[in-house]
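S.K.:
In mature numbering (1 follows the signal peptide of the UniProt record, and there is no 0), the protein residues as written are -22 to -1, 1 to 200.
#1: Do residue 106 and residue 146 count as a contact pair if the criterion is CB distance below 7 Å?
#2: Helix, strand or coil for residue 156? Go by DSSP, reduced to three states.
#3: What residue range is occupied by the uninterrupted alpha helix (DSSP H) comprising residue 62?
#4: Just reading off the alpha helix (DSSP H) that residue 35 is part of, what are its end residues?
#5: At the level of alpha carbons, what is the spacing between residue 152 and residue 61?
#6: Give me the residue from 91, 166, 46, 148 with the minimum Cα distance to residue 56.
#7: Measuring only between beta-carbons, confirm whether residue 36 sits less than 7 Å from chain D.
#8: If we call anything under 7 Å between Cβ atoms a contact, is residue 144 one with residue 161?
#9: Which same chain residues end up closer than 7 Å to residue 116 when comparing Cβ atoms and leaving out the 5 residues on each side of it in sequence?
#10: Check for me: the alpha helix (DSSP H) holding residue 108 runs from which residue to which?
#11: Bridge partners of residue 44, per DSSP?
#12: May I ask you to verify whether the stretch 181 to 191 touches the stretch 78 to 91, counting CB pairs closer than 8 Å and requiring at least 3?
#13: Please state whether the Cβ-Cβ distance between residue 87 and residue 27 is less than 7 Å.
#14: With respect to the alpha helix (DSSP H) encompassing residue 168, which residues constitute its N-terminal and C-terminal limits?
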């Protein structure tokens, strides 16, 4: 018999809310006296606001153009963690850098929160190029990306279709698609993968009825 586990649902909703607050207050431990930081935002082509931190070397001179680097955070993280650290260190070396929250994460827009949509993530990197390339102090022909962990694969996806990205560096990159389908180190068997797909399909019914019944979050089991 099928049932909706309301208590579990409420717990998950509360956990997600507290996680959002933690993201809002997060920041990197490293600060630089040589770098100025500005909070910025811009829209991607899906009309969602992408939040970023713009790092400007204090040695910048008016009228000159500078190379730029976009920094993407690990999967499940936010820009105030490792992305800010890399952005700060590269800004100390003379680059203008931009750490971003991928859509659905951190201060960026997108519902449901924490959704995993690689196509949208790739678009976020191109939207970051839009933003940087329209700044008067940026050299459009010298914009690159540092992708950390899952962002490494998303950055490569963006670069495959966006020739404005001139250089890509990845750090501890892994393939999100392969990991999701096969598990880490191909740990899932074919039968296990089929079972996961069947459960995901059944979950859609649960979420559909939860919305009809005006239940915020629900898990659906047999």
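For every residue, glycine included, the Cβ atom is placed at its ideal position computed from N, Cα and C.
M.R.: Checking against the coordinates, here is how it stands:
#1: no
#2: helix
#3: 60 to 70
#4: Here residue 35 belongs to no alpha helix (DSSP H); instead the beta strand (DSSP E) covers 27 to 35.
#5: 16 Å
#6: 91
#7: Of the chains in the structure shown, none is chain D; there is only one protein chain.
#8: no
#9: 43, 44, 46, 74, 110
#10: 96 to 111
#11: 116
#12: no
#13: yes
#14: 168 to 190
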